[in-house]
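Engineer: Going down the list, the protein sequences come from chains Y and C. Note that this note's numbering has the first sequence beginning at 1, numbered continuously upward. Note that this note's numbering has the second sequence beginning at 1001, numbered continuously upward. Have a look at this one before I ask anything.
2 protein chains.
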Amino acid sequence: MSPSSERRTITGFSNSTVKYLRSLREKKHRKREGKFLAEGLRLLTDARECGHVPEILVMSDTRDPHPLLAELEAAVAAAGGAIIETSPDILTKITGKSNPQAVAGMFAEFDTSLTQLARSAAPIWLVAQELRDPGNLGTMLRTCDAVGAGGLILIDDCADPFSVEAVRASMGAVFTQAIAQARWDEFVPWLRGGEGQLVAASLRDAVPYRGAPYQAPCFILVGNESQGLPEDYEAECDLRVTMPMKGRADSLNAAVAGAVLAYEVLDSLSQQT
Amino acid sequence: MSPSSERRTITGFSNSTVKYLRSLREKKHRKREGKFLAEGLRLLTDARECGHVPEILVMSDTRDPHPLLAELEAAVAAAGGAIIETSPDILTKITGKSNPQAVAGMFAEFDTSLTQLARSAAPIWLVAQELRDPGNLGTMLRTCDAVGAGGLILIDDCADPFSVEAVRASMGAVFTQAIAQARWDEFVPWLRGGEGQLVAASLRDAVPYRGAPYQAPCFILVGNESQGLPEDYEAECDLRVTMPMKGRADSLNAAVAGAVLAYEVLDSLSQQT
């Protein structure tokens, strides 16, 4: 399907565009089409301001007028995209959310190769290995944005960053942050081909995370939610740091661990300059 | 239903105990019965070691033998609880998880009144206002455990800490941490009736979160996922702190914000002693 600049109203659940958009909630359809969905005026505005205009804009016929929505419509029209008006029920059907936002958009997926990353453009990068929860993935993107990171690198078999859940949890950071996907044996040669310190939260042979000798660009590696990092991945790290664990548990939620570490690195690097 | 010390095998989906246990996935049934479900040998072992023995223990007939499981069985039998053996399919039906753990347990809900909290027993407490996501709630309990907090205080209309999702995300901390539920107008008089510093992450009239004058017991207040804290709640705080936001977003995920702040408070208090 190739969107062309048009404006129309859809009233039927069985409409082919509705079916097409809805199919993008499933990974196999996203991958085949190279498209994904995002919802909400704020998120779509973040996208537009970062240069991502939806190819299809879907608006609820019960929406309130808003200057940002008018700007969004104008941008879609200027880019030759499609603008669709429909009912909240059909929006619910598309996004799977029972209280749908007034707008949703279909975007082209981005290049997620390592080679598009400008490693020296940011002091911090998050790296997640086999991160399986799309909510954790989106939360890590949101943290990347907050600490001024360059982006999130997804190692081995992670959740899909373009899933509706990940995009939602990212609160728009899916559009502001670079995202790369790679196998570990692709990532390590890429990393070692330039500057960059690889840091992991670890219990093995680690120094306290506070005051550790962080260096920019600092790549913060977080492991799988239930298994943590493989031992040889930890061994590859330039620095292994440990966070206090005062209770019975020996680990934090993956997105939490990444954020606590990222804020420490941010503070450490800011004191160096 | 009153569990008595017994051991039996259940093979049918329509068994009344299966239906009863399954009903506890719904909040209204949990509240009526005062019971909740938890899964996994590690989590149930944490519970046992913290003095919480399930009233009903459900074990998969495909489980592997394990010394911790034997200890758990013995504890349930000694406490007069019921031990049930069943198929993985029926365990899936009970817990709603497609790859079920080999064991699950039914526990009595705890006292969640403010009056059971020993505020001076711990240097840090987390306080969440209208936290709606059970995953965030469980993650905050897990963070409480990690920083050696006393527990989590849930203000106004929060997700249920005894939901399957919250218990799962807590990784057992639901059993190690005190949990209280209160309205804001109950919480403030309770807080002001003793020692305690109320701290919020805020953009209004705030000082940098690093190096702020934290005092134990420090109550860290985190607001609702989409609305943040009401202005008058922030005004009640003894200290308002702000975290760097380098990107487009003006907030972090609620569980992430609580954790970054809790680790800073932990570090600050440890330097004071």
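Glycine residues also receive a C-beta, built at the ideal position from the N, C-alpha and C atoms. This one's a predicted model, so the numbers in the text were calculated from it and none came from an experiment.
Cβ closer than 9 Å: which chain D residues qualify as neighbours of residue 1244 of chain C?
Structural biologist: Absent here is chain D; the protein component of the structure consists of chains Y and C.
Engineer: Please confirm if residue 1143 of chain C has its CB atom under 8 Å from at least one CB of chain Y.
Structural biologist: Along the second sequence, read from residue 1 onward, the residue named residue 1143 of chain C stands at position 143. Judged by the 8 Å Cβ criterion, residue 1143 of chain C is in contact with chain Y.
Engineer: Using 10 angstroms around the beta-carbon of residue 1258 of chain C, count the other beta-carbons present and answer buried if the total reaches 16, otherwise exposed.
Structural biologist: Numbered from 1 along the second sequence, position 258 holds the residue referred to as residue 1258 of chain C. So residue 1258 of chain C ends up on the buried side.
Engineer: Relative to the C-alpha of residue 1072 of chain C, which residue among C:1097, C:1103, C:1231 is closest?
Structural biologist: Against the second sequence, residue 1072 of chain C aligns to sequence position 72. Cα-wise, what sits closest to residue 1072 of chain C is C:1103.
Engineer: Does DSSP classify residue 1158 of chain C as helix, strand or coil?
Structural biologist: Along the second sequence, one-based indexing puts residue 1158 of chain C at 158. Residue 1158 of chain C falls in the coil class under three-state DSSP.
Engineer: State the DSSP-derived secondary structure class of residue 1258 of chain C, mapped to helix, strand or coil.
Structural biologist: In the second sequence, counting from the first residue as 1, residue 1258 of chain C sits at position 258. Three-state DSSP puts residue 1258 of chain C in a helix.
Engineer: In chain Y, which residues lie with their C-beta within 7 Å of the C-beta of residue 1176 of chain C?
Structural biologist: The count along the second sequence starts at 1 and reaches residue 1176 of chain C at position 176. Near residue 1176 of chain C (Cβ distances below 7 Å), the residues of chain Y are 247, 248.
Engineer: If you compare alpha carbons, which of Y:26, Y:62, Y:183, Y:140 is closest to residue 222 of chain Y?
Structural biologist: Mapped onto the first sequence, residue 222 of chain Y falls at position 222. The shortest Cα separation from residue 222 of chain Y among Y:26, Y:62, Y:183, Y:140 belongs to Y:140.
Engineer: Taking CB distances under 8 Å as the criterion, tell me whether residue 168 of chain Y reaches chain C.
Structural biologist: Position 168 of the first sequence, counted from the first residue, corresponds to residue 168 of chain Y. Output row for residue 168 of chain Y: interface = no.
Engineer: Would you please verify whether the beta carbon of residue 1 of chain Y is less than 8 Å from any beta carbon of chain C?
Structural biologist: Taking the first residue of the first sequence as position 1, residue 1 of chain Y is located at position 1. Low confidence applies to residue 1 of chain Y: its pLDDT is 40, below 50, so where it sits in the model is not reliable, and the reading given next is rough at best. No, its Cβ sits nowhere closer than 8 Å to a Cβ of chain C.
Engineer: Between residue 139 of chain Y and chain C, is the shortest Cβ-Cβ distance under 8 Å, so that the two count as touching?
Structural biologist: Residue numbering aside, residue 139 of chain Y sits at position 139 when the first sequence is read from its first letter. It does; some Cβ of chain C falls within 8 Å.
Engineer: Assuming residue 1266 of chain C and residue 244 of chain Y make a contact with CB atoms under 8 Å, what is their CB distance in whole Å?
Structural biologist: Within the second sequence, numbered from 1, the residue matching residue 1266 of chain C stands at position 266. Within the first sequence, numbered from 1, the residue matching residue 244 of chain Y stands at position 244. Yes, they are in contact, since the Cβ atoms of residue 1266 of chain C and residue 244 of chain Y sit about 6 Å apart, within 8 Å.
Engineer: Assuming residue 137 of chain Y is part of the alpha helix (DSSP H), what are its boundary residues?
Structural biologist: Stepping through the first sequence from its first residue, residue 137 of chain Y is reached at position 137. Segment 134-147, the alpha helix (DSSP H) holding residue 137 of chain Y.
Engineer: For residue 1017 of chain C, count neighbouring C-beta atoms within 10 Å of its own C-beta (all shown protein chains included) and say buried if the count is 16 or more, exposed if not.
Structural biologist: Within the second sequence, residue 1017 of chain C is the residue found at index 17, counting from 1. Buried.
Engineer: Kindly identify the DSSP beta-bridge partner or partners of residue 200 of chain Y.
Structural biologist: Looking up residue 200 of chain Y in the first sequence gives position 200. DSSP, once it has assigned bridges, lists Y:221, Y:240 as partnering residue 200 of chain Y.
Engineer: Using C-beta distances below 7 Å, list every residue in its chain close to residue 1234 of chain C, excluding the 5 sequence neighbours before and after it, in chain order.
Structural biologist: If you number the second sequence from 1, residue 1234 of chain C lands on position 234. Once the five neighbours on either side are set aside, the close Cβ partners of residue 1234 of chain C are 1200, 1202, 1204, 1240.
Engineer: List the residues of chain C that residue 172 of chain Y touches, going by C-beta distances under 9 Å, in chain order.
Structural biologist: As a position in the first sequence, residue 172 of chain Y is number 172, starting the count at 1. Going along chain C in sequence order, the residues near residue 172 of chain Y (Cβ under 9 Å) are 1248, 1249.
Engineer: Here's the rule I'm using: 16 or more other beta-carbon atoms within 10 Å means buried, otherwise exposed. How should residue 1272 of chain C be labelled?
Structural biologist: Counting from one through the second sequence, the residue named residue 1272 of chain C turns up at place 272. Exposed, by the Cβ-count rule.
Engineer: Measure the C-alpha to C-alpha separation of residue 1183 of chain C and residue 1252 of chain C and round it to an integer number of angstroms.
Structural biologist: Here residue 1183 of chain C corresponds to residue number 183 of the second sequence, with the count starting at 1. Here residue 1252 of chain C corresponds to residue number 252 of the second sequence, with the count starting at 1. When rounded, the distance between both Cα atoms is 24 Å.
Engineer: Which whole-angstrom value describes the C-beta separation of residue 36 of chain Y and residue 42 of chain Y, a residue pair presumed to lie in contact below a C-beta threshold of 8 Å?
Structural biologist: Walking along the first sequence from the start, residue 36 of chain Y turns up at place 36. Walking along the first sequence from the start, residue 42 of chain Y turns up at place 42. Going by Cβ atoms, the distance from residue 36 of chain Y to residue 42 of chain Y rounds to 17 Å, so no, they are not a contact pair.
Engineer: Out of curiosity, what's the CA-to-CA distance linking residue 1019 of chain C and residue 1105 of chain C?
Structural biologist: To locate residue 1019 of chain C, count along the second sequence from 1; it is residue 19. To locate residue 1105 of chain C, count along the second sequence from 1; it is residue 105. Going from the Cα of residue 1019 of chain C to the Cα of residue 1105 of chain C covers about 14 Å.
Engineer: Under 8 Å: do the segment 106-121 of chain Y and the segment 188-195 of chain Y share three or more Cβ pairs, one atom per stretch?
Structural biologist: Contact between the segment 106-121 of chain Y and the segment 188-195 of chain Y is present: 3 or more CB-CB pairs across the two stretches fall below 8 Å.
Engineer: Could you tell me if residue 6 of chain Y is buried or exposed, where buried requires 16 or more neighbouring beta carbons within 10 angstroms of its beta carbon?
Structural biologist: Counting from one through the first sequence, the residue named residue 6 of chain Y turns up at place 6. Residue 6 of chain Y is exposed by the Cβ-count criterion.
Engineer: Evaluate the contact criterion for the segment 1161-1171 of chain C versus the segment 1125-1137 of chain C: three or more CB pairs, one atom per stretch, below 8 Å.
Structural biologist: The segment 1161-1171 of chain C is in contact with the segment 1125-1137 of chain C.
Engineer: Kindly indicate which residue of Y:154, Y:215, Y:15 has the alpha-carbon position closest to the one of residue 238 of chain Y.
Structural biologist: Translated into the one-based positions of the first sequence, residue 238 of chain Y becomes position 238. Of the listed residues, the one whose Cα sits closest to residue 238 of chain Y is Y:215.
Engineer: Taking only three categories from DSSP, how would you classify residue 1188 of chain C?
Structural biologist: Numbered from 1 along the second sequence, position 188 holds the residue referred to as residue 1188 of chain C. Residue state, collapsed to three classes: helix.
Engineer: Less than 8 Å between the CB atoms is what I'm expecting for residue 174 of chain Y and residue 161 of chain Y, so what's the real figure, rounded?
Structural biologist: Here residue 174 of chain Y corresponds to residue number 174 of the first sequence, with the count starting at 1. Here residue 161 of chain Y corresponds to residue number 161 of the first sequence, with the count starting at 1. About 6 Å; that satisfies the 8 Å criterion.
Engineer: Which of helix, strand or coil does DSSP assign to residue 94 of chain Y?
Structural biologist: Here residue 94 of chain Y refers to the residue found at position 94 when the first sequence is read from its first residue. Residue 94 of chain Y falls in the helix class under three-state DSSP.
Engineer: Identify, in the order they occur along the chain, each residue of the same chain with its Cβ nearer than 6 Å to the Cβ of residue 9 of chain Y, setting aside the five sequence neighbours on each side.
Structural biologist: Counting from 1 along the first sequence, the entry for residue 9 of chain Y is found at position 9. Here the set comprises 85.
Engineer: Going by beta-carbon coordinates alone, are residue 22 of chain Y and residue 93 of chain Y separated by less than 8 Å?
Structural biologist: As a first step, residue 22 of chain Y must be located in the first sequence, where it is residue number 22. As a first step, residue 93 of chain Y must be located in the first sequence, where it is residue number 93. Yes, these two residues count as a Cβ contact at 8 Å.
Engineer: Among C:1143, C:1145, C:1125, which one has its Cα closest to the Cα of residue 1217 of chain C?
Structural biologist: Here residue 1217 of chain C refers to the residue found at position 217 when the second sequence is read from its first residue. The residue with the shortest Cα to Cα distance from residue 1217 of chain C is C:1125.
Engineer: Only counting the same chain, and skipping five residues up and downstream in sequence, which positions put a Cβ closer than 6 Å to that of residue 1219 of chain C?
Structural biologist: Counting from 1 along the second sequence, the entry for residue 1219 of chain C is found at position 219. The answer, listed in chain order, is 1125, 1127, 1196, 1198.
Engineer: Going by DSSP, name the residue or residues bridged to residue 151 of chain Y.
Structural biologist: The sequence position of residue 151 of chain Y within the first sequence is 151, counting from 1. Residue 151 of chain Y is bridged to Y:178.
Engineer: Are the beta-carbon atoms belonging to residue 1261 of chain C and residue 1186 of chain C less than 8 Å from one another?
Structural biologist: Here the question's residue 1261 of chain C lines up with position 261 in the second sequence. Here the question's residue 1186 of chain C lines up with position 186 in the second sequence. For residue 1261 of chain C and residue 1186 of chain C, no; Cβs fall outside 8 Å.
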